[in-house]
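Worksheet: the structure to be examined is printed underneath.
Residue numbers (UniProt numbering): 1 to 120.
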C-alpha cells in the first residue's frame, strides 16, 4: 500500500482512533500499540509528519520547512528519534546566530545562544 492508498478498514474495530499523523499523534499511536491496543491513525494530508517536513528537490539537498529544531533539553523527542533510528545532528555549531530585538542587533556563538535559551 502506498501513502496515497486508503486502507480498507470496513468491518475492523479499533480501541483508539488518533486524529492527526503529526509527531504527537504518531508517538501516541506507537505507545498505545506497544501495549497491544488496536490503533487507527487518521491524517488529512497525503503524508504523515504534520509540521515536521523536509523538502528535497534538484535545487537543494534538503530544506526543513517546519519542526526543524530539537533542543538539547527535549529529552522525549530525542529518545523517540533514537528509538526510530532517526539521525540527529548539530546545527549552527560554527555559525553565528542572530537575535534582533527592536533596534539592536546582537551576534552570538552557538554556545552563547544555547546558554541564553536554556539557562537554569
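Beta carbons: idealized from backbone N, C-alpha and C, even for Gly.
| field | Exposed unless 16 or more other CB atoms sit within 10 angstroms - verdict on residue 8 | value | Taking the first residue of the chain shown as position 1, residue 8 is located at position 8. It counts as exposed.
| Does the count of Cβ pairs from the stretch 11-30 and the stretch 49-60 closer than 8 angstroms reach three? | yes
| query | So what does DSSP say about residue 67, is it helix, strand or coil? | reply | Translated into positions along the chain shown, residue 67 becomes position 67. Residue state, collapsed to three classes: coil.
| request: Note down the Cα distance separating residue 45 from residue 81, rounded to an integer number of angstroms. | output: Here residue 45 is taken as the residue at index 45 of the chain shown, counted from 1. Here residue 81 is taken as the residue at index 81 of the chain shown, counted from 1. So the two alpha carbons sit approximately 22 angstroms from each other.
| query | Would a C-beta distance cut-off of 8 angstroms place residue 26 and residue 16 closer than the cut-off? | reply | Position 26 of the chain shown, counting from 1, holds the residue named residue 26. Position 16 of the chain shown, counting from 1, holds the residue named residue 16. No. Outside cutoff.
| said: Distance check for residue 91 and residue 61, CA to CA, integer angstroms please. | reply: Along the chain shown, one-based indexing puts residue 61 at 61. Along the chain shown, one-based indexing puts residue 91 at 91. Those two C-alpha atoms are separated by around 15 angstroms.
| field | Beta-bridge pairing of residue 54 - partner residues as DSSP gives them | value | Position 54 of the chain shown, counted from the start, is the residue given in the question as residue 54. Its beta-bridge partners are 64.
| message | Could you give the first and the last residue of the continuous beta strand (DSSP E) run that contains residue 40? | response | On the chain shown, residue 40 is found 40 positions in, with the first residue counted as 1. Per DSSP, the unbroken beta strand (DSSP E) holding residue 40 starts and ends at 39-42.
| query | Rounded C-beta distance between residue 40 and residue 14? I'm assuming under 8 angstroms. | reply | Within the chain shown, the letter at position 40 stands for residue 40. Within the chain shown, the letter at position 14 stands for residue 14. Their Cβ separation, rounded to whole angstroms, is 4 angstroms, which keeps residue 40 and residue 14 in contact under 8 angstroms.
| Pick from 37, 48, 72: whose alpha carbon is nearest that of residue 89? | Taking the chain shown and counting its residues from 1, one reaches residue 89 at position 89. Ranking 37, 48, 72 by CA distance to the CA of residue 89 puts 72 first.
| task | Quick one: grab the DSSP three-state call for residue 22. | result | Here residue 22 refers to the residue found at position 22 when the chain shown is read from its first residue. The DSSP-derived three-state label of residue 22 is strand.
| request: Measure the C-alpha to C-alpha separation of residue 18 and residue 70 and round it to an integer number of angstroms. | output: Your numbering for residue 18 matches position 18 in the chain shown. Your numbering for residue 70 matches position 70 in the chain shown. Going by the C-alpha atoms only, they are around 24 angstroms apart.
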